[in-house]
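Everything below concerns the one structure shown next.
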Amino acid sequence: IGCIEPHFWKSLCELFGREDYAPYHFSVTHTINKLQDKKWDEIRSFLEQAFLTKTRDEWFELLTEKDIPVGKVYTLDEVFSDPQVIHRQMVIEVEHPTLGKVRQLGIVPRLSDTPGKVRSLSPLLGEHTDEVLASLGYRKGEIDKLRKEGVVG
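In our numbering, the protein residues as written are 28 to 180.
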């Protein structure tokens, strides 16, 4: 939910019947005073509870109808089956060293003159531990001790 503009925040407050929250739009003044003002705790608590009353899709429909900026947070399966992601051919397959072929999103900005490409996979857990610790000045014996003590994997 992106109520950056005051009128969007006002619409959200009206939707909840909490017009008294409208003055608390995320303005500079309120942001500065936010930590000292207990009203923010009340607003946050109210919103947390309110958004638990419907599903993500129900909120998306309702907020969209009210012209309140909103977007869905997708699961991975939803990302891979999203019509726009499919149309833009954003899903690629890469060879993972332990999982075999896996799907992931490709390079998001699709530039015709300078197309991006995945050059390497994300490192495996602990794959670069020795190099990182060595660059910080740890010696092999110290790194081995940290590994033995379970500090690093």
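All C-beta atoms, glycine included, are put in the ideal place defined by N, C-alpha and C.
Residue i versus residue j: straight-line alpha-carbon distance, rounded
i	j	result
residue 176	residue 84	47 Å
residue 153	residue 41	50 Å
residue 160	residue 121	29 Å
residue 51	residue 138	41 Å
residue 142	residue 123	22 Å
residue 174	residue 163	16 Å
residue 32	residue 110	29 Å
residue 82	residue 140	42 Å
residue 150	residue 158	12 Å
CB contact below 8 Å: residue i versus chain D
i	result
residue 121	Absent here is chain D; the protein component of the structure consists of one chain.
Burial state of residue i, where buried means 16 or more other Cβ atoms lie within 10 Å
i	result
residue 73	exposed
residue 39	buried
residue 78	exposed
residue 90	buried
Residue i (DSSP reduced to helix, strand or coil)
i	result
residue 52	coil
residue 115	coil
residue 45	coil
residue 155	coil
residue 120	strand
residue 129	strand
Sequence-distant residues of its chain with Cβ nearer than 7 Å to residue i (five each side left out)
i	result
residue 112	106 and 118
residue 64	none
Residues of its chain near residue i, where Cβ-Cβ distance is below 8 Å and the 5 sequence neighbours each way are ignored
i	result
residue 134	142, 143, 144 and 145
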